[in-house]
Every structure is written in structure tokens, then in C-alpha cells.
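FYI, in full-length UniProt numbering the residues of the sequence shown are 1 to 276. Where a beta carbon is used, it is the ideal one built from N, C-alpha and C, also for glycine. Quick caveat: nothing in here was measured; it's all calculated off a predicted structure.
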Amino acid sequence: MDTRVETGALVQPEPAESAPLSESASSTRSDTPTLRAFSVLEHLVAAKGALSLADLASIIEQPKASLHRMLQSLEAGGFVAREPGQKNAYVIGPRLERLGVDVMMHSGARRQRHAILEHLVADLGETCNLSMLHDTQVLYLDRCESPWALRLELEPGSHVPAHCSASGKLLLAMMPRDERAALIRAMRLERFTPNTLADPSLLEGELDRIAHKGIAVDNEEFVLGIACVAVPVLDPRGRCIAAIAVHGPVSRMALSRALTFVPRLQHAAAELAATF
């Protein structure tokens, strides 16, 4: 130890230089089991249908054996599920769906989205909402009520049937046809008013028309006296991630008048898309 005494003061030796960190140790590793698992989930969310073990192994460049073990763990945790009738085809699981809903409900962008809805209500004078599909129902992510005393009030987090609401029909219409057909088979098509489409074939025809137009209406199909128009919120790939809608009593907002709001709704939808 080279400790020296100079003019009565103890002079400590200079510390030895540390060996330089290797490049792999000094940088954040991008190839870890956790990140590979997130990559699997990300690709399953982005896929239009189920992905096989071989598909996933090719996409993330991982051996099938280790990927299969990872998928088993994710399946046990509810984050992925097997496609019904297919042993080695995977889709997102119920726990991941719930997590996605929670993220949407409590996102840091919620204040920004609510401000967009507030501006929309100020322009249109009627209640507006942002929603997404959750299981077989529509989940309201956010709502901004109109100032009128006569209105239909539903809190964020509320659910309504998909087959008889403008937002629900729009979200169903934008799904791949095979997924949509499977979901309709699982739905209870309850008739709420004389205008409700409770017949699967009639509903499918309506959804085809909506998919072509990109606009959906609720012509007193859920609640008598209430009309609604909805348009999609699209991500950069053109996929429908949510729906934005305006609704009000037909005594004040006839369906023909509601349809004149479509350009303003589409503008708000583009603003909302930028927050996702």
C-alpha cells in the first residue's frame, strides 16, 4: 500500500482505474426472457387471428422448445389462450384483455381524451362517448354529458350490449368476418325495442353495410327515443381501436340531424387516435 505522509497530512493513494465495462454489460439488454415474452404478446395483439407456435418462432427468432415453455407459462397466467379446436394456435388471453381495458381506462392520456370529448360536446350540444369492445359488450372508456336535463346518463366503465348500440355495431363491423361471426354466436341478441336487430342474419347484413360506410347508427334500437351515430378511431395501420359517438333524444336530435355531425366526429376521432 502506497500511503505517504507529506507535511504532516495523510495522503491516500489514488484509486486504481476500474476495468472498462463490456459493451453488453454497459448497455441495457434488449434480449431477455421478459422482453421476449412481451414481444410474443405484442405480436398476438397485432395479429388479425391466431398465431401458431411455428409462426411465433419465426417472427421472434426463438427455438420452438423454449418458446413453447414460455407460452405454457403465459397460458397458465391467463395472458394467452389456445384457439378453440387448434392445439398449437394462440390468441390473447382474458387476463391480457382485462389489462388492456385497465390501461385504456386509466391511461395518462385520459385527460387529453376527455378534453377532446368536451370540445365535441360544446360543438354538437349532445352527449359524446369513447368506447371499445369488452367481451360481447361495449365498454365506455369515457363520456362527456350534454348540459341538457333530458339525457341518457351512463358512467365511464359502464357496459351496454354491442348488437343494438351504434358504437357496438361499428366495432363488430370492423372485426375480421370469422372473428365477428364467432362473437355473434356467443352473444345473447336480446330485443330491447321493436327496432333491435335480434336476428343474427339481419345483424350480419347490417354490419356488412357499416363496414362499407365506416359509420354506424342506433335508430332507437337500445332505448326508445334515443338516436346515436358512431365513427371509428383508427390506428396508423387502419385498425379500429375504439369508437366515438354522439347520442341524444330524437325529440332534439333526429337521426337525420345526427348524421350531419359525422365530419365533426371524424375530426375528433383523428385527434383521439393520436392519443393511443
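{"Asked": "Excluding the 5 residues preceding and the 5 following M132 in the sequence, name in chain order all residues of the same chain whose CB lies nearer than 8 Å to its CB.", "Found": "V101, M104, V138, L139, L141, L171, I241, A242, A243"}
{"Asked": "Taking the straight line between their C-alpha atoms, what separation do you get for V262 and L99?", "Found": "31 Å"}
{"Asked": "Let me know the alpha helix (DSSP H) ranges lying completely inside the region 51–119, each 4 residues or longer, listed in chain order.", "Found": "53–60, 64–76, 94–105"}
{"Asked": "L183 by DSSP, collapsed to three states: which one?", "Found": "helix"}
{"Asked": "Could you give the DSSP three-state label for L35: helix, strand or coil?", "Found": "helix"}
{"Asked": "With 16 as the cutoff for other CB atoms within 10 Å, does F38 come out buried or exposed?", "Found": "exposed"}
{"Asked": "Between which two residues does the beta strand (DSSP E) carrying R188 extend?", "Found": "Taken as a continuous stretch (DSSP letters only), R188 belongs to no beta strand (DSSP E), as it is neither H nor E."}
{"Asked": "Flag this pair as yes or no: are the beta carbons of E83 and A50 separated by less than 8 Å?", "Found": "yes"}
{"Asked": "Take the Cβ of S146 as the centre, count every other Cβ of all protein chains shown within 10 Å, and call the residue buried at 16 or more, exposed below.", "Found": "buried"}
{"Asked": "Helix, strand or coil: how does DSSP classify S131 here?", "Found": "strand"}
{"Asked": "What first and last residue would you give for the beta strand (DSSP E) that runs through P249?", "Found": "240–249"}
{"Asked": "Identify every residue that forms a DSSP beta bridge with L234.", "Found": "C240"}
{"Asked": "Here's the rule I'm using: 16 or more other beta-carbon atoms within 10 Å means buried, otherwise exposed. How should D235 be labelled?", "Found": "exposed"}
{"Asked": "Pull the bridge partners of N195 from the DSSP assignment, please.", "Found": "In DSSP, N195 forms no bridge with anything."}
{"Asked": "State the CB to CB distance for the pair E203 and I184, rounded to an integer number of angstroms; the pair is presumed to be in contact (CB under 8 Å).", "Found": "The sequence shown places Leu at residue 203, rather than the Glu named in the question. Contact holds; Cβ gap of about 6 Å."}
{"Asked": "For S66 and R95, I'd like the C-alpha separation in whole angstroms.", "Found": "22 Å"}
{"Asked": "Less than 7 Å between the CB of M70 and some heavy atom of the ligand HEM, yes or no?", "Found": "With respect to the ligand HEM, the structure offers nothing, as it holds no ligand at all."}
{"Asked": "Could you tell me the boundaries of the beta strand (DSSP E) in which R143 lies?", "Found": "137–144"}
{"Asked": "My guess is that L189 and V231 are in contact by the Cβ rule of under 8 Å, so how many angstroms apart are they, rounded?", "Found": "Actually they do not touch by this definition, with Cβ atoms about 24 Å apart."}
{"Asked": "State yes or no: is the C-beta of E61 within less than 8 Å of the C-beta of V246?", "Found": "no"}
{"Asked": "Do residue 279 and V250 have their C-beta atoms within less than 8 Å of each other?", "Found": "The displayed coordinates of the chain run from 1 to 276. Any statement about residue 279 would go beyond what the structure contains."}
{"Asked": "Taking its Cβ as the centre, do 16 or more other Cβ atoms sit within 10 Å of A268, making it buried, or is it exposed?", "Found": "buried"}
{"Asked": "Less than 8 Å between the beta carbons of T260 and A109, yes or no?", "Found": "no"}
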